[in-house]
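The structure under discussion appears below in the form of structure tokens.
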DNA sequence: CCATTCACCGAACGACCGTTCGGCTCATAC
DNA sequence: GTATGAGCCGAACGGTCGTTCGGTGAATGG
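Residue numbers (the numbering used here), protein chains in the order written: chain A, 1432 to 1665; chain B, 1432 to 1665.
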């Protein structure tokens, strides 16, 4: 058995390789805020939001505990900023890259490559977005939810076009199909650590292949399947 | 847009419908422990392990705070028991159901149906197992990891047989393929709530279809793909 | 030169946390 | 009848948490 990949998949999380950029006190307000956010992402990604104390974030960001409250109204605010910025970037980035791409399968490739690529370079951010999805509430939650829904819908419409074009008779529930793709992408933080033998770009292609053609591609397997409205069989 | 499924996928978690079984003080030690564990699973699933206080667990289980320590040495012990029992049950259940099933695809169907079926009836348990995977450490972590690895390997060997039989020339990285299946299963707790229009059994079939045949099934799409050892393209 | 604002900090507050301790009740054993 | 132990609890302990308050020193504007 390949023990290293099992180590990665079932050991503790792949390490996030903190770039050890000490937060310098120079720079504009926005630059300083970004640096603090970067440090906060690493702490929250590795400890979890609830276990990540403001004191730990302050230490990682080279700021005093009280100094944090110059940039954030409270702890939730940090999580909100991380999630809002990440999801917004993901959405805008997807829309930009989609410009001029018309073929549905090609659009899907763009989506997967974009997402995996961003994941590979911002693992902490995407881990926080995947793992701490439900900790916000009220307005903050609603606002982020809006961006997530738009990201879903953009992806869903691509998937719709792919299926309409290449498998119009498909009996698959397209919401389930879409969530399956997001599952593969959102679960990455649990097992994937970029390495030279498994590059982000190669991984994106593999995910695309699996999602489009499944594990056995064009082979002709009869998968007896109930339509989504039929009752359960057992 | 189908707003209810978006509500489920992007709203707060599907509610876990606490069966409101008050922990009765009668029964054997094991029965009482099981009831407390059941209550703890619901609390931990809805609040998260770190936010689930021993006081909240005690209240949900109708036991005093100090009384909890008659059954558990500490808080981690509760999490350990939940995870160990769930993963062990999942593994044993899979092995039992596999008896007498020889066809690889049929074995895979058994695996997916078994997992989804258990998920549908024990959402809290599987949510705790999916979401709080990395909170244990030391011996407890190692012990649970062992069970998880066995569950992975059982699934991996099924997938190997499926690919060897139906797509022997496949270029896919089989670890990635296996983790993709687990991604779909482990991410379920984020969006799936069993309902009559999307039964557990129907969902299992859909996941199986997507995993085996992909979104477009046998349609002939060229998915340009780098082998897993080739360098990244961009 | 002085007033104001910004950026930041040390120290503290009250709330809540996991855990422990001493003691209570009640069924069983002798 | 009394000793024993299991099962359970109220109360408290020390610690950590998020947050706030009152301040300092440097930069800025008039």
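Virtual Cβ for every residue (Gly too), placed ideally from N, Cα, C.
If I'm right that residue i touches residue j with Cβ under 8 Å, what's the distance once you round it to whole angstroms?
i	j	result
residue 1571 (chain B)	residue 1507 (chain B)	6 Å
residue 1647 (chain A)	residue 1647 (chain B)	Rounded, the Cβ-Cβ distance is 13 Å, inconsistent with contact.
residue 1544 (chain B)	residue 1483 (chain B)	With 8 Å as the limit, residue 1544 (chain B) and residue 1483 (chain B) do not qualify as a contact, their Cβ atoms being about 31 Å apart.
residue 1611 (chain A)	residue 1641 (chain B)	5 Å
residue 1546 (chain B)	residue 1564 (chain B)	Going by Cβ atoms, the distance from residue 1546 (chain B) to residue 1564 (chain B) rounds to 16 Å, so no, they are not a contact pair.
residue 1441 (chain B)	residue 1579 (chain A)	5 Å
residue 1510 (chain A)	residue 1437 (chain A)	That belief does not hold up - the Cβ atoms of residue 1510 (chain A) and residue 1437 (chain A) are roughly 32 Å apart, past 8 Å.
residue 1489 (chain A)	residue 1478 (chain A)	Rounded, the Cβ-Cβ distance is 14 Å, inconsistent with contact.
residue 1515 (chain B)	residue 1574 (chain B)	7 Å
With 16 other CB atoms within 10 Å as the buried threshold, where does residue i fall?
i	result
residue 1480 (chain B)	buried
residue 1535 (chain A)	buried
residue 1552 (chain B)	exposed
residue 1505 (chain B)	exposed
residue 1577 (chain B)	exposed
residue 1645 (chain B)	buried
residue 1631 (chain A)	buried
residue 1497 (chain B)	exposed
residue 1439 (chain A)	buried
residue 1627 (chain A)	exposed
residue 1530 (chain A)	exposed
residue 1614 (chain A)	buried
residue 1623 (chain A)	buried
In chain order, what residues of the same chain lie with their CB nearer than 8 Å to the CB of residue i, ignoring the 5 residues before and after it?
i	result
residue 1513 (chain B)	1468, 1471, 1472, 1475, 1556, 1559, 1560
residue 1609 (chain B)	1583, 1586, 1587, 1590
residue 1526 (chain B)	1585
Give the residues of chain B in contact with residue i, contact being defined as C-beta atoms less than 8 Å apart.
i	result
residue 1593 (chain A)	1646, 1647
residue 1521 (chain A)	Near residue 1521 (chain A) there are no residues of chain B at all, since even the closest Cβ is about 14 Å away, more than 8 Å.
residue 1502 (chain A)	The premise fails here: residue 1502 (chain A) is roughly 24 Å from chain B at the closest Cβ pair, so nothing lies under 8 Å.
Find the residues of chain A that neighbour residue i, judging by a C-beta separation of less than 8 Å, and give them in chain order.
i	result
residue 1638 (chain B)	1607, 1611
residue 1603 (chain B)	1637, 1640, 1641, 1646
residue 1554 (chain B)	By Cβ distance, chain A contributes nothing, its closest Cβ being about 14 Å from residue 1554 (chain B), past 8 Å.
residue 1549 (chain B)	Ordered by position in chain A, no residue passes the 8 Å Cβ test against residue 1549 (chain B), which lies about 13 Å from the chain.
Whose Cβ in chain B lies nearer than 9 Å to the Cβ of residue i?
i	result
residue 1505 (chain A)	Near residue 1505 (chain A) there are no residues of chain B at all, since even the closest Cβ is about 16 Å away, more than 9 Å.
residue 1545 (chain A)	Going along chain B, no residue has its Cβ under 9 Å from residue 1545 (chain A), so there is no contact; the nearest lies around 11 Å.
Could you list which residues in chain A have their beta carbon closer than 9 Å to that of residue i, in chain order?
i	result
residue 1590 (chain B)	1646
Going along chain A, which residues have a C-beta under 7 Å from residue i?
i	result
residue 1579 (chain B)	1441
residue 1436 (chain B)	1606
residue 1614 (chain B)	1614, 1615, 1618
Determine the chain B residues that contact residue i at a beta-carbon separation under 7 Å, and present them in chain order.
i	result
residue 1617 (chain A)	1618
Here's a check: name, in chain order, each residue in its chain whose Cβ is nearer than 7 Å to the Cβ of residue i, leaving out the five neighbours to either side.
i	result
residue 1502 (chain A)	1464, 1467
residue 1495 (chain A)	1489
Going along the chain, which residues of its own chain have a beta-carbon closer than 6 Å to the beta-carbon of residue i, five neighbours each way excluded?
i	result
residue 1619 (chain A)	1550
residue 1537 (chain B)	none
query = Going along the segment 1472-1497 of chain A in order, which residues come within less than 7 Å of chain B, judged by CB to CB distance?
reply = The residues in question are 1479, 1481, 1482.
ask   = What residues from the segment 1625-1636 of chain B come within 7 Å of chain A, judged by C-beta to C-beta, listed N to C?
value = Contact annotation: in the segment 1625-1636 of chain B, residues whose CB is within less than 7 Å of a CB in chain A are 1628, 1629, 1630, 1631, 1632, 1633, 1634, 1636.
message = Closer than 9 Å between beta carbons: that is the criterion. Which residues of the segment 1521-1543 of chain B meet it against chain A?
response = Within the segment 1521-1543 of chain B, those residues whose Cβ lies closer than 9 Å to any Cβ of chain A are, in chain order, 1536, 1539, 1540.
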